[in-house]
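Residue numbers (our numbering), protein chains in the order written: chain U, 1 to 236; chain F, 1 to 111; chain H, 1 to 611.
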Amino acid sequence: MSDPKIEGLALKPGFKGMAEDTSSDQTMFKGVHWGKAMMWIFLLSDTFIFSCFLISYMKGRGSTPVEWPNPSEVFALDAFGVPVPLLLIAIMTFVLITSSGTMALAVKYGYEKNRKMCGWLVLATAIGGLTFVGMQAFEWSKLIHEGVRPWENPFGAAQFGSFFFMITGFHGTHVSIGVIFLFIYAYKVFAGHYDSGKRGWFTSMKGDYVEIEILGLYWHFVDLVWVFIFAFFYLW
Amino acid sequence: MSETDKQDQTTTHKIGIYLWIWGLLFVLSFFSYMVDWYQFQGMLRWSLILFFMFLKAGLIMAFFMHLFWERYALVNVLLWPMTAIACFIFLMVAEYQYTLFTRLFYFFVGG
Amino acid sequence: MSEDYNDNKTIQAQSSEAISGGGSVSPDLDYVRPAEIPDQDLYHGHSFLTKWVFCQDAKVIGVQYFLLATFTGIIGLILSWLMRLQLGFPGAAGFMTAEHYYQFVTMHGMIMVVYFLTALFLGGFGNFLIPLMVGARDMVFPYLNMVSFWSFFVAVAVLLASFFVPGGPTGAGWTLYPPQTILEGTPGSGWGILLMCISLILFVAGFTMGGLNYLITVLQARTRGMTLMRMPLTVWGIFTATVLAMLAFPALLVGALMMTLDKVLQTSFFMPTILKAGEVLEYGGGSPILFQHLFWFFGHPEVYIVALPAFGIVSDLISVHARKNIFGYRMMVWAIVGIGALSFFVWAHHMYVSGMNPWFGFFFATTTLIIAVPTAMKVYNWILTLWRGNIRMNVVMLWCLGFIITFVNGGITGIFLGNVSVDVPLSDTYFVIAHFHMVMGIAPLMVIMGAVYHWFPLVSGRFLDEKLGKWHFWLTFLGAYSIYFPMHYLGFIGVPRRYFEMYDSPYMTSAVGMNEFISTAAFIVGAAQFILIYNIIKTLKTGKPAGHNPWKANSLEWLTPKVPPEHGNWGERLPVVHRWPYDFSVPGAKEDFIPQTTPPSEVAHTEAEKT
């Protein structure tokens, strides 16, 4: 994780440390693995993608003179004969946050070189993600069944369906890619690649539990994006 | 980063902190769901939604993604570019209001 | 390949300042902190395929990028010839219809901006120079780097494939503004725009992989002693441009994706209600302005993605060939960073006449004029670097001088266009064409040419021919001026851009001769570029051997044990850096240059020794 020890350099905290890190040689992010730095910068770039999506959504929704469908009603689900608003979405949020928690613990146990625990937690995260994707597929099919299409919907402004399918679809793609990698990494953990330092398929870098943290960053990011989608798409 | 954190360099963080954050995320999600349940409207709804959203996002980033423990060099590199997004959002709010105005003005009022 | 760090030094030197600032000669003077991370393991190719095709060596990937970008650039050049043929001599090319003209305009623009200049500067120069200049063995993720190039390859293939699909390539202008982009009647509104969007998405994906490499290599893989403020400005320029690309391309990606959905799924993100021949189309409720905002949120940083590497490279070339340290290095760095940051706050100055919120004019005119300040600082610093320098009037220097002149010219017209009230009458005229070709077409091209003459000895081990180079420069420079300078005048008399033919407009009588003149110059300038290709082919075999460090430069790329550098760049030991790369003509030093690896103790007797 953080707090590296570096020979010949007393790392200071705060902004003073930032100034020294920035003006030093070799690395700017002291003790940060290349892959982790890459993932952070990638996520920054990805943040801009999702921001552009959400800004477009805001512009589209804000400027339409046609009435926007009420998400609270559109996404309601009948439970025991009573329509409960956003029931499925609440469960999906619950599942995603759960998987985020297991991921965070997996990273912790990974750094403690607790192979079994780390592996099971990564696997649990993968299953959580899979559940999420499944529920999203259910939500999509329900809406399509009700006549919501990317180009039209029976509730109001046509842009509702367009933005809904595009943004949740793009997020769902991220989740799916994450799930695939979670399964792969769960295998790699169980197989002990990170204990033996086995090199990856396409890279000459040695395996290390830091890769679990890198994967974790991606997974938490997917959760983070969902927080925003949940707020802006379902609650607004 | 306090001195005690520095002592803790070689080991990982205590499990308690993750469980706490985990629990908080559930509670906050529940609260933001309640905003919809009780059908708050207007500015109250807006501010509650945004408040819970930023709180949740902040917790995830700070603790699950370890930004709280990272050095400022990394944290600043990640957060400053958001000003460009903030500017984009700010201007697009002005833009959608103007677009809506022109649409209402020319389509319905009739110019 | 790891270095031996077990020198029992007990000094507690914390920063480079503390080390190099010492006055007296002592062994501590040369101390550089030990390496933080172990040396990089590299995958060495064994077969032809892994050595030259799917190669993981950044230098080879750089050359691959360079060649492919140049190839697409030549296609862009041929398209511009066809356009000029039509404009100067209407009807001379029999097959040229208005549709073809629009398609050529579009493809010329998109190819030159994205697939030629961006790919050449970041993919080509970035890959070749970044690891060498910061003292790394390779990019940090060589495999990803290889995939990046091949994504670019596929993106180019998809783009060029659109010439052969039904309806041909899109003809909506390189800005791809909806709604006309995907409406029938615009050439290439079917397959053309679809392939364009797919190609752009592929390009962005590929570029992201490359860009992550450039950024992490600069941030996390510098050699011992290489602080950020000791990096050559070339690296600073490419680095900042890559940051811009990583943050700006997302907007293009989102725009292209939404456009694809509008085309394929009939969504209405950008499509308003449209009446066509009295019939309402299926679209409705979308906002074309939204696309323009997304496009220019990408598009304006894109201008600087092209310009910043050029700024950086030209600074290095001027410094080396004027034998003088760059004037105001720190100012130059901060100007690059400042321009980069500001470029995200100026985008809508491309949209003054689009019908956006009229108040935006105040905001964007202000930010646009603010961005002129760091840009002007850079120009002053280049001139002050030349001032009283020991200038070598070789081809490289000629290109640099050509750059400064064309850039100042294009920059000044930029100030015209940044002001709303001046922009409104001038927008969509040839004045705009003249402005952006001067500032982001010809000026960066001059730098590319200078850089090719400068670094060719490093890539191939041989010099390019100077005499041919001078012909190449003068034809290009004078010819480019003959093309774009008269265009300002055309703009002032109101000739609109993107018109296939001028017909019988009253102002056109005075423009006919000028158009013929411009077209003739364009043919000559285009042809002159083949001098370079001939020069490269000729000198690859028969050129004068360059040997080590032929320009007597200081930066690390010239200090490799072998020239051209082999895979892994540095042989057994990574270089250790003791100073900035601009120690030229230091008073009292034995030679007029002190390479970055020279330790202070070796030059300690000189009077001025401070980096």
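For every residue, glycine included, the Cβ atom is placed at its ideal position computed from N, Cα and C.
query = Taking just the CA atoms, how far does residue 569/H sit from residue 129/H?
reply = 11 Å
inquiry  = If you reduce the DSSP assignment to three classes, tell me which class residue 130/U lands in.
reply    = helix
request  = Sort out for me which residues DSSP pairs residue 70/H with in a bridge.
outcome  = According to DSSP, which records beta bridges pairwise, residue 70/H is partnered with nothing at all.
task = Could you confirm whether any beta carbon from chain F is found closer than 7 Å to the beta carbon of residue 291/H?
result = no
ask   = From residue 111/U to residue 194/U, what does the alpha carbon distance come to, in whole angstroms?
value = 10 Å
query = Taking just the CA atoms, how far does residue 59/H sit from residue 238/H?
reply = 15 Å
message = I need the DSSP call for residue 560/H, collapsed to helix, strand or coil.
response = coil
Host beta strand (DSSP E) of residue 83/U (start-end) = 82-84
message = Give me, in chain order, the residues of the same chain whose beta-carbon lies closer than 6 Å to that of residue 196/H; leave out the 5 immediate sequence neighbours on both sides.
response = 170
inquiry  = Counting only Cβ pairs nearer than 7 Å, list the residues of chain H close to residue 88/F.
reply    = 297
query = What separation, rounded to the nearest whole angstrom, lies between the Cα atoms of residue 357/H and residue 37/U?
reply = 39 Å
key: Neighbour-count burial assignment, residue 188/U, 16 or more Cβ in a 10 Å radius   = buried
key: Residues of the region 470-499 of chain H whose Cβ lies closer than 7 Å to any Cβ of chain F, in chain order   = none
key: Coarse secondary structure for residue 73/U, derived from DSSP in three states   = helix
ask   = Quick one, which of 272/H, 43/H, 308/H has its alpha-carbon nearest residue 203/U's?
value = 43/H
ask   = Is it right to say residue 79/U is buried, meaning 16 or more other beta carbons lie within 10 angstroms of its own, or is it exposed?
value = exposed
ask   = Who are the near neighbours of residue 565/H in its chain, counting only those whose CB is closer than 8 Å to its CB and skipping five residues on each side?
value = 59, 132, 458, 557
task = Could you please give me the residues that DSSP links to residue 545/H through a beta bridge?
result = 462/H
inquiry  = Strictly below 7 Å CB to CB, what residues from chain H border residue 70/F?
reply    = Residues of chain H passing the Cβ test: none, with the nearest at roughly 14 Å.
inquiry  = Using C-beta distances below 8 Å, list every residue in its chain close to residue 64/F, excluding the 5 sequence neighbours before and after it, in chain order.
reply    = 18, 21
Neighbour-count burial assignment, residue 47/F, 16 or more Cβ in a 10 Å radius = exposed
message = Beta carbons nearer than 7 Å to chain F: which residues of the region 221-235 of chain U have them?
response = 223, 224, 227, 228, 231, 235
message = Distance check for residue 432/H and residue 441/H, CA to CA, integer angstroms please.
response = 12 Å
query = Do you know how far the Cα of residue 29/U is from the Cα of residue 128/U?
reply = 32 Å
task = Identify the contact partners of residue 357/H in chain F, using a Cβ-Cβ distance below 7 Å as the criterion.
result = 94, 95, 98
ask   = So is residue 213/U buried or exposed if we call it buried at 16+ other beta carbons inside 10 Å?
value = buried
task = Using a threshold of 7 Å, state whether the C-beta atoms of residue 314/H and residue 203/H are closer than that.
result = no
ask   = What do you reckon, are the CB atoms on residue 206/H and residue 151/H nearer than 7 Å?
value = yes
key: Three-state secondary structure (DSSP) of residue 66/U   = coil
request  = Put residue 95/F into one of helix, strand or coil per three-state DSSP.
outcome  = helix
task = Indicate whether residue 134/U and residue 149/U have their beta-carbon atoms separated by less than 7 Å.
result = no
key: Cβ-Cβ distance between residue 214/H and residue 242/H below 7 Å   = yes
ask   = Going along the chain, which residues of its own chain have a beta-carbon closer than 7 Å to the beta-carbon of residue 263/H, five neighbours each way excluded?
value = 182, 193, 194
ask   = For residue 353/H, which option in 421/H, 386/H, 300/H, 310/H has the closest C-alpha, if you only look at C-alpha atoms?
value = 421/H
ask   = Taking only runs of the alpha helix (DSSP H) that begin and end inside the region 398-448 of chain H, which ones reach a length of at least 4 residues, in chain order?
value = 420-426, 430-437
request  = Mind listing the chain H neighbours of residue 18/U? Cutoff is C-beta to C-beta under 7 Å, in chain order.
outcome  = Within chain H, no residue comes near residue 18/U; the closest Cβ sits about 13 Å away, beyond 7 Å.
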